[in-house]
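Asks:
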Amino acid sequence: MEKIEELRQIDILIYQFSMINLQKSLWITYWKAGMGQLKSSNGMKDNNDNIGPQLWPLEVQSEIKMSTSNENNDACQVFVTRYLAELDDRMKHYENELSNKKKSIL
Numbered sequence: 575m576e577k578i579e580e581l582r583q584i585d586i587l588i589y590q591f592s593m594i595n596l597q598k599s600l601w602i603t604y605w606k607a608g609m610g611q612l613k614s615s616n617g618m619k620d621n622n623d624n625i626g627p628q629l630w631p632l633e634v635q636s637e638i639k640m641s642t643s644n645e646n647n648d649a650c651q652v653f654v655t656r657y658l659a660e661l662d663d664r665m666k667h668y669e670n671e672l673s674n675k676k677k678s679i680l
């Protein structure tokens, strides 16, 4: 029965890792939108290698407004960069836990 519980815990860790990976993908897209680096559907670039205007998604803007009275481009960029670093840390944590659980089963 103990092995079943360990396998269940491994499954939970895999799920948590997948969810963080999905969040990271979303926030990378937010960062690209804010930096004007999203690719257009026709694949054309302008002269500055930026695809379009720097548009920060509403989720980022509202987080900035809640934490500061400033919502400029730099504040949004710093916020998203920090959040991505936090997601990386969480992913590493779950990777380590998963590795340890796998070793304990073998």
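Start counting the sequence shown at 575; every next residue gets the next number (our numbering). Even for Gly, the Cβ is constructed at its ideal location relative to N, Cα and C.
Taking the CB atoms as reference points, tell me whether E671 and L587 lie closer together than 8 Å.
Replies: In this structure, L587 lies closer than 8 Å to E671 by Cβ.
Asks: Mind checking whether W605 and L661 have CB atoms under 8 Å apart?
Replies: Contact: no.
Asks: Who are the Cβ neighbours of T603 in its own chain at under 8 Å, not counting the five residues just before and after it?
Replies: Closer than 8 Å at Cβ, skipping near neighbours: L612.
Asks: May I have the straight-line CA-CA distance separating K675 from Y668, to the nearest angstrom?
Replies: Cα to Cα, K675 sits roughly 10 Å from Y668.
Asks: Assuming Q628 and G610 form a contact by the criterion Cβ under 8 Å, report the distance between their Cβ atoms to the nearest whole angstrom.
Replies: Right, the Cβ-Cβ distance comes to about 4 Å (below 8 Å), so this counts as a contact.
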